[in-house]
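Enquirer:
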Amino acid sequence: MTSAVIVSTARTPLTKAWKGALNMTHGATMGGHVVEHAIQRAGIEAAEVDDVIMGCGTPEGATGANIARQIALRAGCPVTVSGMTINRFCSSGLQTIATAAQRIIANEGDIYVAGGVEAISCTAQEMNMHMLQDPWLMKNKPEVYWAMLQTAEQVAKRYSISRQAMDEYGASSQQKASAALEKGLFKDEIAP
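Just remember that the numbering used here sits 22 ahead of the position in the sequence shown, which is counted from 1.
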């Protein structure tokens with residue numbers, strides 16, 4: 023069986039969504055920059071990429087219109103390199119890695135770019151609400167439209183997790199990321 027391996031990584035610096043250095047930056051600009059660096063770090067030509075697969079939790083506005091294809095072009099890939107945007111909300115980027123690996127193992131290609139992109143400050147304020155909810159689903163399965171807050175509340179109730187425990191876990195995660203950043207553990211990943 024063919025094995026799939028990760029040969030290169032790149033990411034943007036960590037910033038705040040609304041007031042950070044990447045505030046109001048188009049998804050294609052951010053993603054293209056990172057993908058260009060990942061391709062360079064892999065030591066390949068952009069034309070060798072079979073597909074650019076990008077996950078996006080809010081694929082509209084500055085991250086809409088098949089953002090993966092836009093990112094491929096901004097990264098310097100020729101028009102012969104396709105792009106596929108995957109939406110699984112919070113696990114969108116993770117799904118792209120799984121999809122790329124599956125395609126390699128199935129011998130559908132050799133070189134894939136997989137990752138995720140969000141431009142929260144460009145998408146959250148102007149979300150398209152036109153016909154957002156299907157009447158039948160709202161009557162029979164309204165939780166399909168739940169945001170992360172409602173989902174977290176349901177998980178807390180179902181598994182008896184207190185709000186304090188969730189807050190502590192979230193704070194711990196942010197503190198670990200901050201400490202790792204201060205120690206320089208992300209320096210090899212960040213595309214300046």
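No residue lacks a Cβ here, since even glycine has one placed at the ideal position from N, Cα and C.
The structure presented is a predicted model; accordingly, all values stated were derived computationally and were not measured.
(1) Please classify S182: does DSSP put it in a helix, a strand, or coil?
(2) Going by the CB atoms, is the gap between G79 and E148 shorter than 8 Å?
(3) Check whether the Cβ atoms of T121 and I75 sit closer than 8 Å, and answer yes or no.
(4) Taking just the CA atoms, how far does C144 sit from G83?
(5) Determine, using beta carbons only, whether M23 comes closer than 8 Å to chain D.
(6) Do you know whose CA, among A128, S114, V71 and D132, lies nearest S104's CA?
(7) Mapping the DSSP letters down to three states, classify D189 as helix, strand or coil.
(8) For T118, count neighbouring C-beta atoms within 10 Å of its own C-beta (all shown protein chains included) and say buried if the count is 16 or more, exposed if not.
(9) Name, in chain order, the residues that DSSP records as bridge partners for M106.
(10) I217 and A26 look like a contact to me (Cβ under 8 Å); what is the Cβ gap, rounded to whole Å?
Expert: This is what the structure holds:
(1) coil
(2) no
(3) yes
(4) 7 Å
(5) The question asks about chain D, but that chain is absent: this structure has only one protein chain.
(6) V71
(7) helix
(8) buried
(9) I75
(10) For the chain, the structure presents residues 23 to 214; residue 217 sits outside this window and is missing.
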